[in-house]
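In full-length UniProt numbering, the protein residues as written are 1 to 467.
Where a beta carbon is used, it is the ideal one built from N, C-alpha and C, also for glycine.
Since the structure is predicted, the reported quantities are computational estimates derived from the model, not experimental observations.
See below for the structure under consideration.
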Amino acid sequence: MAPIGRFQVSNLAQLQEALQNLPANLRSNPQSSELQPPASLDFFDDDRIFTPDGGYHPDGENIDFREKVFQLLSSLFPPDGSQHPSIRLLGKGSYNIVVGVDVVPKSRRGDGSKPSAEISRLFGTPPKPRTFALRIPVADSGFNDPLPSYSMDDIYQDIANLYVVGQRLDLPVPRILKHDLKGYNALDRPFTLQNFIGGTQLERSWAELNLKQKVSAIQAITQIVEKIASVTAPAAGQIAYSNVTSPGKDIKVNEFLIPTKYQAQRSDLPGPCEAMEQTPHEFLMSCCKRWIEYENKNMPGFSMSTPLWSKIKEIITILEEKGWLGGSFHLVHGDFFGRNILVEIASDTAVKVTGVVDWDMARFAPKFVAFRGPFWAWNPELEEEKEDAANTGAISREEKAIKEAFLETASPEYATMALAEEAIIARKIFKIATFGLLAVELRGLAFELIKQWEELHPRLTKQYVAL
């Protein structure tokens with residue numbers, strides 16, 4: 001088929017057919033004369049960018065971004081060693097866009113050319129057709145807009161997380177093959193090039209799985225959680241970038257920022273500080289103290305949180321006395337839900353986990369945080385934060401079987417930590433200890449957990465009057 005402008009004849013025919021199928025009122029409305037791109041097309045597809053007359057669709061800024069990506073790829077995969085790469089959108093969030101990159105070395109096509117040194121270094125020799133994931137930070141206002149000031153901190157954090165996870169865990173996780181932190185490239189911003197992990201998001205395929213396949217998936221997920229939690233550190237906090245620059249036997253951890261970088265004005269934000277070795281009890285009490293000091297110094301009129309902090313510290317002490325806080329800190333994925341678990345169907349009775357992705361929120365925390373249960377598998381209607389109903393509520397026979405599979409697979413300690421109400425309350429306290437009480441929803445969470453605790457242990461707590 002002969003091309004016409006940027007399009008093949010068949011594309012024009014499809015566009016004309018789509019136009020004829022529009023409702024009459026839209027065909028005759030002069031304000032609706034510009035045909036919109038089909039939503040099913042890929043983010044980078046020509047038909048999403050160009051109109052039939054060669055103009056741009058309203059969201060045609062994609063073209064600038066796409067050309068910058070191709071320019072970057074030409075330096076990563078020089079044309080003398082590879083075919084022109086093809087790209088597609090793998091994922092787009094508020095702060096990152098992930099581009100799938102398919103590269104076929106020319107030498108595989110029998111043209112006699114040799115792979116470049118860069119291709120050989122990335123692929124190994126001889127090179128093979130490969131797919132990569134190019135992760136690019138973007139502003140939530142638009143992918144061509146300037147990055148927010150804290151984006152660089154996020155990029156360093158992402159690299160540190162993936163480095164430590166890749167070194168310490170025998171799991172299919174993303175591995176960084178190349179990165180640029182300076183932004184001296186065609187994108188004019190940092191990027192990371194990672195290996196591509198195939199599979200389908202469990203979240204998308206869950207409804208199509210039969211019971212045996214769901215049981216297989218939950219068994220694998222349970223084992224993965226315990227494997228992740230087997231990695232320990234001497235303190236709670238975020239993985240330090242110094243693990244990349246000067247790796248050692250022990251994992252280096254930076255303490256959680258108080259206030260968080262998203263809450264503080266830039267002038268108030270301290271730099272990363274190495275976390276002190278503490279027990280989980282000492283860590284939680286220290287966080288409470290730091291938040292109280294911050295509020296007193298920077299928000300002297302903000303007094304409504306004072307009784308909340310007092311009550312939370314009281315509950316922390318009782319949890320410690322009852323043995324719920326433990327004595328060590330464990331690696332936590334931080335967002336271990338079906339959207340970040342990639343799977344493929346192995347058989348009519350089995351599902352294989354092909355990847356665990358999106359480690360942005362990885363951190364070291366007490367064991368009760370690491371051993372959060374996959375309650376979403378047997379109670380799919382629950383919101384992610386609403387784990388109180390993980391042990392209650394009417395569930396179907398299938399969901400009971402899934403929950404039973406979890407209990408049979410999990411270690412006794414994991415099963416207890418996942419479902420015990422004390423552990424659920426402790427996880428709420430951890431969230432407040434690390435995020436504070438400045439936000440209305442967090443103060444609401446504090447009231448909620450205090451009420452929940454007093455209903456669970458009315459004789460162990462002092463009388464509390466809600467403000």
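**Prompt:** Alpha carbon to alpha carbon, how far is glycine 271 from valine 253?
**Reply:** Taking the CA atoms as reference points, glycine 271 sits about 13 Å from valine 253.
Problem set entry | Stretch pair the region 317 to 324 + the region 297 to 309: three plus CB contacts closer than 8 Å | Between the region 317 to 324 and the region 297 to 309, the count of C-beta pairs closer than 8 Å stays below three; the two stretches do not touch.
TODO: Using the Cα positions of glutamate 381 and proline 148, report the straight-line distance between them to the nearest angstrom.
DONE: One alpha carbon belongs to glutamate 381, the other to proline 148, and they sit about 35 Å apart.
>> What would DSSP say about histidine 330, mapped onto helix, strand or coil?
In response: DSSP places histidine 330 within a strand segment (E or B) once states are collapsed to three.
For serine 94, which residues from the same chain have a beta carbon less than 6 Å from its beta carbon, with the 5 sequence-adjacent residues on both sides left out? Only Asp140 meet the Cβ criterion.
(Q) Closest to phenylalanine 368 by C-alpha separation, out of Ser75, Thr131, Gly355 and Phe430, would be which residue? (A) For the residues Ser75, Thr131, Gly355 and Phe430, the minimum Cα distance to phenylalanine 368 belongs to Phe430.
Open item on the list: Which of the three DSSP states is assigned to asparagine 254 in this structure?
Closed with: Note: asparagine 254 maps to strand in three-state DSSP.
Residue from Asn243, Thr131 and Leu342 whose Cα sits closest to the Cα of arginine 204: It is Leu342.
Taking just the CA atoms, how far does asparagine 296 sit from leucine 89?
The alpha-carbon atoms of leucine 89 and asparagine 296 are separated by roughly 47 Å.
Margin query: Helix, strand or coil, according to DSSP, for aspartate 170 in the structure here?
Written below: Of the three classes helix, strand and coil, the one that applies to aspartate 170 here is coil, per DSSP.
inquiry  = One question on the structure: do tyrosine 262 and glycine 436 come within less than 9 Å of each other, judged by their Cβ atoms?
reply    = Here tyrosine 262 is not near glycine 436, since their CB atoms are 9 Å or more apart.
>> Considering Cα atoms alone, identify which of Phe302, Ala217 and Arg372 is closest to threonine 200.
In response: The residue from Phe302, Ala217 and Arg372 with its alpha-carbon nearest to that of threonine 200 is Ala217.
Practice prompt. Report the rounded CA-to-CA distance for glutamate 314 versus cysteine 288, giving the unit in angstroms.
Written response: Distance between the alpha carbons of glutamate 314 and cysteine 288: 11 Å.
Classify proline 79 as buried or exposed, calling it buried when 16 or more other Cβ atoms lie within 10 Å of its own Cβ.
-> Exposure of proline 79 is indicated by the presence of fewer than 16 other C-beta atoms within 10 angstroms of its C-beta.
- Message: Spatial neighbours of methionine 361 within its chain, please: C-beta separation below 6 Å, excluding the five flanking residues on both sides.
- Response: Once the five neighbours on either side are set aside, the close Cβ partners of methionine 361 are Gly334 and Asp335.
Quickly, what does DSSP pair lysine 68 with across the bridge? List them, please.
As DSSP reads the structure, lysine 68 sits in no beta bridge.
Check: Using a Cβ-Cβ cut-off of 6 Å (strictly less than) and excluding sequence neighbours within five positions of proline 138, which residues of its own chain qualify?
Finding: Rather than proline, the amino acid found at residue 138 in this sequence is valine. Contacts found: Ile97.
**Item:** Proximity winner among Glu384, Ala415, Glu385 and Trp376, relative to glutamate 399 (alpha-carbon distances)
**Value:** Checked all of Glu384, Ala415, Glu385 and Trp376; the closest Cα to glutamate 399 is Trp376.
ask   = What residues in its chain sit with their C-beta under 6 Å from that of arginine 339, if we drop five residues either side in the sequence?
value = Within the same chain, Gln201 and Glu203 come within 6 Å of arginine 339 by CB-CB distance, once the 5 residues on both sides are set aside.
Notebook entry, point to check: If you drop the 5 nearest sequence neighbours on each side, which residues of the same chain put their C-beta closer than 6 Å to that of asparagine 195?
Noted result: Setting aside the 5 residues that flank it on each side, asparagine 195 is surrounded in the same chain by Arg175, each with a C-beta closer than 6 Å to its C-beta; the list follows chain order.
When the Cα atoms are used, what is the spatial distance from valine 215 to methionine 285?
Cα-Cα distance, rounded: 39 Å.
Between the region 184 to 191 and the region 347 to 361, do three or more beta carbon pairs fall short of 8 Å? The count of Cβ pairs closer than 8 Å, one atom from the region 184 to 191 and one from the region 347 to 361, stays below three, leaving the stretches out of contact.
### Task
Tell me where the alpha helix (DSSP H) around alanine 433 begins and ends.
DSSP places alanine 433 inside the alpha helix (DSSP H), whose first and last residues are 421 to 435.
Check: What do you reckon, is the C-beta of glutamate 398 under 8 Å from a heavy atom of the ligand COA?
Finding: Within the structure as shown, the ligand COA is missing, as the structure has no ligands at all.
Contact under 9 Å by Cβ, tyrosine 156 with leucine 181 = Yes, they are a contact pair.
Per the DSSP calculation, glutamine 363 is bridged to which residue(s)? The question names glutamine, but residue 363 is arginine in the sequence shown. Its beta-bridge partners are Val332.
Please classify aspartate 170 as buried or exposed, where buried requires at least 16 other C-beta atoms within 10 Å of its C-beta. Result: exposed.
Inter-residue spacing [alpha-carbon to alpha-carbon] between leucine 76 and isoleucine 87 | Straight-line spacing of the CA atoms in leucine 76 and isoleucine 87 works out to 14 Å.
Practice problem: Please name the residue, chosen from Ile424, Ser74, Arg443 and Leu438, that lies closest to glutamine 452 on a Cα-to-Cα basis. | Solution: Nearest of Ile424, Ser74, Arg443 and Leu438 to glutamine 452, Cα basis: Ile424.
Open item on the list: Using the Cβ count rule (16 or more neighbours within 10 Å means buried), how would you classify serine 32?
Closed with: For serine 32, the pLDDT reaches just 34, beneath the cut-off of 50, and the residue's location in the model is therefore unreliable, although a value from the coordinates is still provided. So serine 32 ends up on the exposed side.
Using a Cβ-Cβ cutoff of less than 8 Å, which residues in the same chain neighbour valine 244 once the five nearest sequence positions on both sides are dropped? Around valine 244, the same chain offers Ile159, Ala160 and Tyr163 as residues with beta carbons nearer than 8 Å, after the five sequence neighbours per side are excluded.
For glycine 355, which option in Arg363, Leu257, Glu344 and Ala365 has the closest C-alpha, if you only look at C-alpha atoms? Selection Arg363, Leu257, Glu344 and Ala365 evaluated against glycine 355 yields Glu344 as nearest (Cα-Cα).
In this structure, how does DSSP classify alanine 346 when only helix, strand and coil are distinguished? Correct three-state label for alanine 346: coil.
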